[in-house]
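Please read the structure below before turning to the comments.
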Amino acid sequence: MKPVTALVVILSAVMSAAAHADTSDRFAMGGWIEKFQPAIDQANATGELFRIRGHCQSNCTLFLGVRNVCVERSARLLFHAGHGRGPNRHVINSGSTQRMLNAYNAKLRQYVTANGYLEKLEFSTISGARIIDEFGYKECPRGG
């Protein structure tokens, strides 16, 4: 009987983890790609829902490229050009900028390009509601 109980506990834990979507919360303030790529790769490998919510700036917007991403209407996504490090942190980096563009769907990519969002280091904000309604990203289910 004990092996059956252990199996039930293990299966419950696995099902609970699978049902719980990962979120952008710990990535909200942006950062370097080394911090983001493992989480992006993990989300794409598992196929589980990845929820963008709240404040999401800079490289946090890379999560828009996750294959099973959803966006909460109340989210705020902040976009800017990619930039260098150290003494070059105020210099736009075309490779970093292109990485961000590649993560966005065609509609959003066209919009941020046409409006110069990724040609400057200052933030430009798009609401989660607009990301959903205008650019076609999936809205997150309620209660997550």
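In my numbering, the protein residues as written are 824 to 967. Backbone N, C-alpha and C define an ideal beta-carbon position, used for all residues, glycine too. The structure displayed is predicted, hence computed values, not measured ones.
Here the alpha carbons of Gly888 and Ala868 stand approximately 13 angstroms from one another.
The Cβ neighbour count for Gln880, taken over all protein chains shown within 10 Å, is at least 16; the residue is labelled buried. The shortest CA-to-CA distance from Ser917 to any of Leu941, Lys961, Glu945 and Arg876 is the one to Leu941. Distance from the CA atom of Asp956 to the CA atom of Arg896, rounded to whole angstroms, is 9 angstroms. The C-alpha of Gln933 is placed about 16 angstroms away from the C-alpha of Leu900. Every alpha helix (DSSP H) stretch that sits fully inside the segment 909–960 and reaches 4 residues is listed by chain position as 917–926, 929–937 and 951–956.
In terms of CA proximity to Ser919, Lys943 leads the group Ala929, Lys943, Arg953 and Gly870.
Taking a C-beta distance under 8 angstroms as the contact criterion, Cys893 and Leu924 do not qualify as a contact pair. The segment 864–915 contains, as complete beta strand (DSSP E) runs of 3+ residues, the segments 873–875, 878–880, 892–894 and 899–902 (chain order). Between the beta-carbon of Gly877 and that of Ala898 there is about 6 angstroms, and that keeps the pair under the 8 angstroms contact cut. Between Pro964 and Val914, the alpha-carbon positions lie close to 39 angstroms from each other.
Exposure of Thr948 is indicated by the presence of fewer than 16 other C-beta atoms within 10 angstroms of its C-beta.
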